[in-house]
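Trainee:
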Amino acid sequence: MAIEIAAAPGTQPRRALVLAGGGMRVAYQAGAIRALWERGYRFSHVDGSSGGIMNTGMLLSGIDPVEMGRRWATLDVKNFSTFWPARRLLRPFDLPALGTADGIVEKVFPHLGIDVGRINRQREVEGTFNVANFSRKTLEAIPHDVVRPEHLVAGLSLAIFLPAVEIDGEAYTDAVWMRDANLMEAVRRGADEIWVVWCIGNGTRWHDGAFHQYVHMIEMSANAGLFDQLERINELNERIAAGERPGGRTQPVRVHVLRPQRPIPLDPDFFLGRVTGATLVDMGYADASQYLDAVPPEGTPLTPAATAMTDNLPGIAFREVMHGYFTLGENDPVIGEKRGRAAGSSIVLHAAITIHDLARFIGDPTHRGSLDGHLDVTGFGESLPTTRGVFNLFSPSNDASTKLMVYEAGFRHGGRDYYMAGKKLVKHHTVLKLWPDTTTLYIVLHEGRDASGPVAGAGVLHLNVMDLVRLLVGMHAIDTDAEHTTPDVTFEFLRFFLGELWATYIRRALERTAPG
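The sequence shown lines up with residues 0 to 515 when you count with numbering that gives the first Met the number 0.
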């Protein structure tokens with residue numbers, strides 16, 4: 000059983016991978032781990048806390064990073080939730096927690112490939128799993144060779160939602176309130192370089208509602224615990240710089256934090272299907288790739304800025320899936336589609352579109368949002384996560400009679416960079432052209448990191464009726480508040496979208512047919 004991310008013995012620098020918590024949203028980490036793995040990063044130690052325990056367990060069970068993403072993408076998240084029998088629910092104030100861990104043990108762990116026996120037997124990389132010993136009020140980092148299934152369950156047992164787990168007569172639970180990422184365990188084991196994959200939010204907005212405020216408590220505790228450890232590592236580095244050799248160290252400990260640019264959707268959004276496991280994996284890959292494109296040699300600053308995020312504002316999110324045909328070596332999308340159809344060379348774009356600030360989006364002449372997603376391309380592979388995603392809706396073009404819907408994203412294949420540049424052409428046509436114009440995406444694939452590179456292929460993608468229905472059903476407002484309610488935000492977006500279509504197709508047609 001090979002551990003794909005394991006470093007060879009004696010590899011320098013000695014790297015540790017620290018997987019923090021984040022509930023079910025830690026699917027995000029699978030994408031970040033894949034980006035690290037593809038760039039050649041290997042680790043001597045993997046540490047998991049809270050939700051990060053699941054990804055630690057997957058890695059130490061021998062699941063490779065690509066397969067990790069596939070398993071998260073196909074996981075039925077409703078299996079996380081198992082409720083008590085009805086007779087117990089009649090006494091809600093006596094319940095140990097809102098649910099049980101039965102679904103996690105019986106369905107989630109097997110689907111993710113977590114095998115405690117394999118974890119115990121593997122010898123390629125050190126592993127630790129953090130749990131809170133409630134009875135002693137202490138944090139325990141359980142080594143992989145002695146970890147038990149009960150420890151993994153306890154590490155996920157967040158107060159209120161899951162009950163504490165009794166192990167050898169003592170109560171254990173989720174470590175998030177003590178430490179959501181155990182960097183000091185990595186330091187203790189001799190790490191010279193620590194890579195943290197962080198999912199917990201760190202915005203500035205305070206949200207109303209009991210659930211959001213429970214999340215805020217987790218955010219405060221988790222971030223404060225991380226900042227305390229960063230300060231301790233900074234003090235250690237200052238001693239080394241002053242000529243001391245604490246623990247025999249002569250070089251500073253560098254920390255790299257891979258995190259979202261904005262707070263990612265919470266567990267209820269995942270549970271209700273507003274965001275999918277595949278999208279979270281894609282987000283993690285894109286964010287990690289952006290950091291890896293320009294890794295600061297000194298690492299992430301050892302300050303609270305390490306996890307600072309840009310606040311989300313009221314906006315809109317939806318998923319769009321387009322299918323088509325594609326030909327390598329072709330420059331013209333229409334010809335590429337024709338030749339690709341004959342050869343059975345297909346392409347599918349799975350795009351998650353997010354408009355983080357609807358007011359800014361509408362006021363911006365280019366109407367820019369963000370795109371996270373992945374591609375399935377015959378001849379390249381499936382589930383190729385994208386980076387540097389760009390989305391523009393009704394953006395001006397060089398032709399005054401044409402506006403553009405732009406879908407652009409980079410991806411890596413075979414160690415090389417590629418860039419997909421796609422455009423829907425919204426022209427001053429008759430209303431009969433509205434459907435084909437707004438559902439046909441002409442794509443050109445370039446070598447390199449942007450559309451200036453040599454053309455590698457071309458084709459056409461289409462949005463079919465069923466995929467449009469799924470798009471509309473899944474469209475939802477995000478980060479609404481008392482001032483900007485869900486109906487208000489949704490109405491504003493639809494008014495903008497339908498207004499652009501009216502101006503382009505119907506008003507123009509009326510003007511052309513009006514007398515004089």
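We put the beta carbon where it would ideally sit given N, CA and C, even for glycine.
Going by the DSSP bridge assignment, what does Trp-194 pair with across the sheet?
Mentor: Locating residue 194 in the sequence shown gives position 195, counting from the first residue. DSSP output for Trp-194 lists Leu-16 and His-255 as bridge partner(s).
Trainee: Is Asp-207 near Pro-313, with beta carbons less than 8 Å apart?
Mentor: Within the sequence shown, numbered from 1, the residue matching residue 207 stands at position 208. Within the sequence shown, numbered from 1, the residue matching residue 313 stands at position 314. Contact: no.
Trainee: Are the Cβ atoms of Gly-409 and Thr-377 separated by less than 8 Å?
Mentor: Position 410 of the sequence shown, counting from 1, holds the residue named residue 409. Position 378 of the sequence shown, counting from 1, holds the residue named residue 377. No.
Trainee: How should Arg-359 be labelled, buried or exposed, when 16 other C-beta atoms within 10 angstroms of its C-beta is the threshold for buried?
Mentor: What you label residue 359 is simply residue 360 of the sequence shown in a count that begins at 1. Exposed is the call here.
Trainee: Per DSSP, which residues does Phe-317 bridge with? Please list them.
Mentor: Indexing the sequence shown from 1 puts residue 317 at position 318. According to DSSP, which records beta bridges pairwise, Phe-317 is partnered with Ile-352.
Trainee: For Trp-83, tell me which candidate among Asp-93, Thr-73, Thr-99 and Lys-77 has the shortest Cα-Cα distance.
Mentor: Stepping through the sequence shown from its first residue, residue 83 is reached at position 84. When only C-alpha atoms are compared, the closest one is Thr-99.
Trainee: Rounded to a whole number of angstroms, what is the C-alpha to C-alpha distance between Thr-438 and Asn-181?
Mentor: Working through the sequence shown from its first residue, we reach residue 438 at position 439. Working through the sequence shown from its first residue, we reach residue 181 at position 182. Going from the Cα of Thr-438 to the Cα of Asn-181 covers about 48 Å.
Trainee: Per DSSP, what are the beta-bridge partners of Glu-169 in this structure?
Mentor: Residue numbering aside, residue 169 sits at position 170 when the sequence shown is read from its first letter. Partner(s): Ile-166.
Trainee: Residues bridged to Glu-407 by DSSP?
Mentor: Mapped onto the sequence shown, residue 407 falls at position 408. DSSP output for Glu-407 lists Val-389 and Ala-420 as bridge partner(s).
Trainee: Quick check: what's the CA-CA separation for Ser-396 versus Lys-423?
Mentor: Taking the sequence shown and counting its residues from 1, one reaches residue 396 at position 397. Taking the sequence shown and counting its residues from 1, one reaches residue 423 at position 424. Distance between the alpha carbons of Ser-396 and Lys-423: 11 Å.
Trainee: Taking only three categories from DSSP, how would you classify Ser-220?
Mentor: The count along the sequence shown starts at 1 and reaches residue 220 at position 221. In this structure, Ser-220 counts as helix in the three-state DSSP scheme.
Trainee: Do the region 25 to 34 and the region 99 to 115 meet, that is, are 3 or more Cβ pairs less than 8 Å apart?
Mentor: no
Trainee: On the three-state DSSP scale, how would you describe Ile-263?
Mentor: Looking up residue 263 in the sequence shown gives position 264. Of the three classes helix, strand and coil, the one that applies to Ile-263 here is coil, per DSSP.
Trainee: Which value, in whole angstroms, describes the spacing of the CA atoms of Ser-382 and His-373?
Mentor: On the sequence shown, residue 382 is found 383 positions in, with the first residue counted as 1. On the sequence shown, residue 373 is found 374 positions in, with the first residue counted as 1. If you take the alpha carbons of Ser-382 and His-373, they lie about 5 Å apart.
Trainee: Taking the C-alpha atoms as reference points, what is the distance between Ile-346 and Ala-457?
Mentor: Counted from its first residue, the sequence shown places residue 346 at position 347. Counted from its first residue, the sequence shown places residue 457 at position 458. If I take the Cα positions, the gap works out to 10 Å.
Trainee: Indicate the three-state DSSP secondary structure (helix, strand or coil) for Ala-7 in the structure shown.
Mentor: What you label residue 7 is simply residue 8 of the sequence shown in a count that begins at 1. In this structure, Ala-7 counts as coil in the three-state DSSP scheme.
Trainee: Among the candidates Leu-460, Val-146 and Phe-379, whose CA atom is the shortest distance from the CA of Glu-336?
Mentor: For the purposes of this step, residue 336 is taken as residue 337 along the sequence shown, with counting starting at 1. Nearest option by C-alpha distance: Leu-460.
Trainee: Quick check: what's the CA-CA separation for Trp-71 versus Tyr-504?
Mentor: To locate residue 71, count along the sequence shown from 1; it is residue 72. To locate residue 504, count along the sequence shown from 1; it is residue 505. Distance between the alpha carbons of Trp-71 and Tyr-504 is about 42 Å.
Trainee: Could you check where the alpha helix (DSSP H) with Leu-111 kicks off and where it finishes?
Mentor: Taking the first residue of the sequence shown as 1, we reach residue 111 at position 112. That run of the alpha helix (DSSP H) goes 108 to 111.
Trainee: Whose CA, out of Glu-105, Arg-318, Val-252 and Val-130, lies closest to the CA of Val-468?
Mentor: Here residue 468 is taken as the residue at index 469 of the sequence shown, counted from 1. Minimum Cα distance to Val-468 is reached at Arg-318.
Trainee: Suppose you measure from the CA of Asp-416 to the CA of Phe-495; what does that come to, to the nearest Å?
Mentor: Counted from its first residue, the sequence shown places residue 416 at position 417. Counted from its first residue, the sequence shown places residue 495 at position 496. Each residue's Cα considered, the two are about 35 Å apart.
Trainee: What are the start and end residues of the alpha helix (DSSP H) that includes Glu-336?
Mentor: On the sequence shown, residue 336 is found 337 positions in, with the first residue counted as 1. 332 to 342 is the span of the alpha helix (DSSP H), which, as asked, contains Glu-336.
Trainee: May I ask which residues mark the beginning and end of the beta strand (DSSP E) holding Leu-142?
Mentor: In the sequence shown, the residue the question calls residue 142 occupies position 143. Before going further, note that residue 142 is Pro rather than Leu in the sequence given. Segment 137 to 142, the beta strand (DSSP E) holding Pro-142.
Trainee: Scan the region 42 to 83 and note each continuous beta strand (DSSP E) run of 3 residues or more that stays entirely inside, going in chain order.
Mentor: 44 to 48
Trainee: Suppose you measure from the CA of Thr-302 to the CA of Ile-263; what does that come to, to the nearest Å?
Mentor: For this step, residue 302 is matched to residue 303 along the sequence shown. For this step, residue 263 is matched to residue 264 along the sequence shown. Taking the straight line joining both Cα atoms gives about 21 Å.
Trainee: Are the Cβ atoms of His-475 and Arg-261 separated by less than 8 Å?
Mentor: Indexing the sequence shown from 1 puts residue 475 at position 476. Indexing the sequence shown from 1 puts residue 261 at position 262. Against a cut-off of 8 Å, the Cβ pair of Arg-261 and His-475 comes out as no contact.
Trainee: From Val-454 to Asp-331, what does the alpha carbon distance come to, in whole angstroms?
Mentor: Start at 1 with the first residue of the sequence shown, and residue 454 comes out as number 455. Start at 1 with the first residue of the sequence shown, and residue 331 comes out as number 332. Cα-Cα distance, rounded: 10 Å.
Trainee: With 16 as the cutoff for other CB atoms within 10 Å, does Met-465 come out buried or exposed?
Mentor: Residue mapping note: residue 465 aligns to position 466 of the sequence shown, counting from 1. Exposed is the call here.
Trainee: Tell me the residue span of the alpha helix (DSSP H) that contains Leu-497.
Mentor: For this step, residue 497 is matched to residue 498 along the sequence shown. Segment 485 to 500, the alpha helix (DSSP H) holding Leu-497.
Trainee: Note down, in chain order, each residue of its chain lying with its Cβ closer than 6 Å to the Cβ of Thr-489, except the 5 sequence neighbours on either side.
Mentor: As a working mapping, residue 489 is identified with position 490 in the sequence shown. Closer than 6 Å at Cβ, skipping near neighbours: Ala-476.
Trainee: What is the DSSP secondary structure of Ala-100, counted as helix, strand or coil?
Mentor: In the sequence shown, the residue the question calls residue 100 occupies position 101. Three-state DSSP puts Ala-100 in coil, outside helix and strand.
Trainee: Taking the alpha carbon of Pro-259 as the point to measure from, which residue in Asp-266, Ser-288 and Phe-269 has its own alpha carbon closest?
Mentor: As a position in the sequence shown, residue 259 is number 260, starting the count at 1. Here the closest residue by C-alpha is Ser-288.
Trainee: Note the first and the last residue of the continuous beta strand (DSSP E) segment covering His-373.
Mentor: One-based indexing of the sequence shown puts residue 373 at position 374. His-373 -> beta strand (DSSP E) spans 367 to 376.
Trainee: Between the alpha carbons of Gly-339 and Ala-450, how many angstroms are there, rounded?
Mentor: Locating residue 339 in the sequence shown gives position 340, where the first residue counts as 1. Locating residue 450 in the sequence shown gives position 451, where the first residue counts as 1. Taking the straight line joining both Cα atoms gives about 21 Å.
Trainee: May I ask you to list the residues that DSSP assigns as paired with Leu-151?
Mentor: As a working note, residue 151 is residue 152 in the sequence shown. For Leu-151, which the question treats as bridged, DSSP gives no partner whatsoever.
Trainee: If you draw a straight line from the alpha carbon of Trp-36 to that of Asp-46, how long is it in whole angstroms?
Mentor: Within the sequence shown, residue 36 is the residue found at index 37, counting from 1. Within the sequence shown, residue 46 is the residue found at index 47, counting from 1. Approximately 16 Å between the Cα atoms of the pair.
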